[in-house]
Amino acid sequence: MAIVRPLDPVAVRADFAIFERDFNGRRLAYLDSAATSLKPRVVTDAMAEYLNRYSANVHRGIYQIGEEATAAYEGARAKIAAFIGASDPREIVMVRNATEAINLVAYAWGRRNIGTADTIVVTEMEHHSNLIPWQMLTQEKDADLEFVPFDDDGRLIQDSFDVLLRTRPKLVAFTAVSNGIGTINPVADMVARAHDAGALVLIDGAQATPHEPVNVQELDCDFFVFSGHKMLGPPGSGALWARRELLEEMPPFMGGGEMIREVHLRHTTYNEVPFKFEAGTPDVSAAIGLGAAIDYLTDIGLEHVRAHERELVEYALDILPREVPSIRIHGPLSASDRAGIITFNLADAHPHDVATLLDREAIAVRAGHHCTMPLHQRLGEEASARASFYVYTDRDDIDRLAEALQKVERLFARPAPH
Amino acid sequence: MDDLYKDEILEHYRNPHNFGTLEAPTTAKEGANPLCGDRITLMLGIGDDGTVNDVAFTGRGCAISQASASMLTDEIKGKPLSEIAHLGRQDVLDNLGIEISPARMKCAMLSLETLRAAVGDRVEWTGQTDEV
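Quick note, the sequences are listed as chains B and V, same order.
All you need for our numbering is the position in the first sequence, starting with 1, plus 33.
All you need for our numbering is the position in the second sequence, starting with 1, plus 783.
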């Protein structure tokens with residue numbers, strides 16, 4: 034692997050087949066890693082190796098390739114545990130993505146522990162995946178759902194959080210990093226205050242885990258979720274981490290094979306954690322691919338990833354307003370509490386037109402509400418454009434973005450022909 | 784980059800035709816594209832003989848959705864519903880005259896879909912509006 038320290042994005046790009054593709058004579062400037070990341074060859078190779086050479090089911094086969102598959106799958110679980118600082122791989126439940134992990138908690142923990150007049154606190158900047166499961170739960174249980182607002186700079190209003198904590202919520206669920214505007218929230222501090230108020234805390238780590246060192250024990254949260262596909266892993270991989278005693282108490286999520294100990298026609302005893310929550314044949318290749326992605330990221334070093342992206346954010350926050358005068362950038366304007374996500378609008382061009390025109394220059398950005406409609410209502414925008422960075426992003430990508438946005442500005446500012 | 788958004792589309796976007804409201808519309812319909820946030824409100828003044836005598840729209844959204852609405856309202860003004868009901872996807876694409884990627888097709892078709900919904904109880908729509 035051609036990695037040198039500190040992170041060299043040009044060397045990193047050599048590990049990704051997609052950068053060999055020609056897009057009308059240009060290299061792809063992929064600025065949509067907050068939606069999903071690209072995948073290095075080590076990930077696709079590990080998945081192909083499983084599918085081609087030992088594609089047995091896990092936890093079943095009493096034969097060589099079955100044992101190899103089980104070892105690789107459980108090896109991925111151990112890598113995930115170590116990657117987020119969990120003390121025990123049995124606290125890792127393998128799921129398809131962060132969305133499934135949150136729904137698992139809402140269903141299995143929430144339905145047992147949330148009752149009428151109980152309160153759940155989330156924030157106004159949540160991805161829909163950390164909002165709708167709690168809407169569904171609180172509507173079913175006739176419970177209250179409350180929201181921490183954010184200010185004009187895109188930072189959560191901590192005084193409002195403290196006021197909401199006085200209602201003694203049962204659960205506080207919030208994102209470590211806003212996928213909508215890039216805000217890095219003060220997670221450990223908020224967890225501590227929520228615990229002081231008697232709440233359990235779920236952290237949506239979908240945008241944090243790929244980009245900075247994460248340690249669930251240091252954060253001291255109770256549930257932590259993330260997706261593999263945003264961290265160089267494949268779609269269909271992800272994990273729920275929860276404190277062991279919570280997992281032990283929780284009833285199963287889905288019923289089926291694997292999650293059982295003993296089945297009778299009218300009753301069943303369940304498997305131990307985490308298998309109690311993993312009904313059915315899992316996406317073994319995805320888990321193995323995520324394990325390979327974790328090895329790759331660990332080799333780079335998450336502290337280097339964060340430093341690299343912070344430098345890119347500083348650069349983008351500096352040059353975009355200067356070179357693209359009509360740009361409005363949403364979220365914190367300081368790189369210290371902003372992840373590699375630049376969300377913006379141009380004065381005269383709709384985000385969809387921006388994205389379509391950038392695509393003509395082989396620049397991929399997201400346009401829309403980024404699964405954060407309430408956040409956009411707060412911003413007062415129907416939609417926005419979003420450029421997001423990762424290990425393969427460099428200043429050249431941001432320069433290309435600035436140059437293309439200048440062209441969009443010129444095109445939409447051109448006076449009408451009559 | 785410049786060849787994609789022809790001057791005609793940008794002109795319709797900046798100065799949309801038939802933009803506004805009708806005081807006493809025979810029918811009005813709001814259409815939205817929840818994925819994009821594009822939205823338009825279409826108002827029609829339909830005579831007893833089934834002719835669209837007056838049409839107006841308001842809306843917000845991308846150049847494709849708003850130019851498409853501007854062009855479509857030009858197209859249907861003064862025409863009988865029986866003729867309008869033949870309008871399909873291809874007519875909209877012909878009006879725009881540019882390549883529309885699959886991801887942007889909903890933007891282009893928002894006004895046609897809204898029109899179809901607005902007059903659905905008055906005329907049987909025969910134009911091809913679904914994706915082929």
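We put the beta carbon where it would ideally sit given N, CA and C, even for glycine.
For B/F259, the secondary structure class from DSSP, reduced to helix, strand or coil, is strand. Here B/V154 is buried, its C-beta having at least 16 other C-beta atoms within 10 Å. Each of V/D877, V/P817, V/D831 was checked against the Cα of B/H409, and the nearest Cα belongs to V/P817. DSSP places V/E813 in the uninterrupted beta strand (DSSP E) bounded by 810 to 816.
In terms of Cα proximity to B/A437, the closest of B/Y303, B/D195, B/L379 is B/L379. Residues of chain B with a Cβ closer than 7 Å to the Cβ of V/A846 are, in chain order, H383, D386.
Residue range 97 to 116 is occupied by the alpha helix (DSSP H) that includes B/F116. Residues of the segment 817 to 848 of chain V with a C-beta less than 9 Å from any C-beta of chain B: P817, L818, C819, G820, D821, R822, R843, G844, C845, A846, I847, S848, listed in chain order. Residues P42, V45, R46, F49, F52, Y63, L71 of the same chain have their beta carbon placed closer than 8 Å to that of B/Y425, with the five preceding and five following residues left out of the count. According to DSSP, B/S417 shares a beta bridge with B/G401. Identification of residues in the segment 412 to 423 of chain B having a C-beta nearer than 7 Å to some C-beta of chain V yields E415, A416, given in sequence order. A straight line joining the alpha-carbon of V/L898 with that of B/N212 spans about 36 Å. Using a Cβ distance threshold of 8 Å, B/H341 and B/P39 count as a contacting pair. The secondary-structure analysis by DSSP pairs B/L189 across a beta bridge with B/F183. B/P307 sits close to B/V126, with the two beta carbons spaced by under 8 Å. For B/L444, the chain V residues whose C-beta falls within less than 8 Å of its own C-beta are M784, D785, Y788, L793, listed in chain order. By the criterion of a C-beta distance shorter than 8 Å, V/M892 is surrounded in its chain by S851, R872, V875, T912, once the five residues flanking it on both sides are discounted. When the five nearest sequence neighbours on each side are left out, the beta carbons in the same chain lying within less than 6 Å of the beta carbon of B/A382 are those of V441, F445, in order along the chain. Listed as beta-bridge partners of B/R361 by DSSP are B/N378. Counting along the chain, the unbroken alpha helix (DSSP H) around B/G322 starts and ends at 317 to 333.
Under DSSP, B/M292 takes part in no beta bridge, so it has no partner. Assigned with DSSP and collapsed to three states, B/A206 falls in strand.
With a cutoff of 8 Å on beta-carbon distance, V/N801 and V/A839 are scored as near each other. In the structure shown, the three-state DSSP call for B/L235 is strand. Against chain B, a Cβ distance below 9 Å from V/R905 picks out nothing, because the smallest value is about 31 Å.
Within chain V, no residue has its beta carbon less than 7 Å from that of B/G231; the closest one is some 38 Å off. By the neighbour-count criterion, in which 16 or more other beta carbons inside 10 Å mark a residue as buried, B/A104 falls on the exposed side. Flagged as an interface residue toward chain V: B/L390, by a C-beta distance shorter than 8 Å. Proximity of B/R393 to chain V, defined by a Cβ-Cβ separation below 8 Å, is satisfied.
Closer than 8 Å to the CB of V/R872 there is not a single CB belonging to chain B. The segment 96 to 115 of chain B and the segment 318 to 335 of chain B touch, with three or more beta-carbon pairs separated by less than 8 Å.
Not a single CB atom of chain B sits nearer than 8 Å to the CB of V/R899. Below 8 Å, too few C-beta pairs join the segment 212 to 230 of chain B and the segment 270 to 290 of chain B to call them touching: fewer than three.
Each of B/P182, B/L280, B/A81, B/F116 was checked against the Cα of B/D255, and the nearest Cα belongs to B/L280.
In terms of beta-carbon proximity, B/H228 stays away from the interface with chain V, with every pair separated by 8 Å or more. 8 Å or more divides the Cβ of B/A275 from the Cβ of B/D237.
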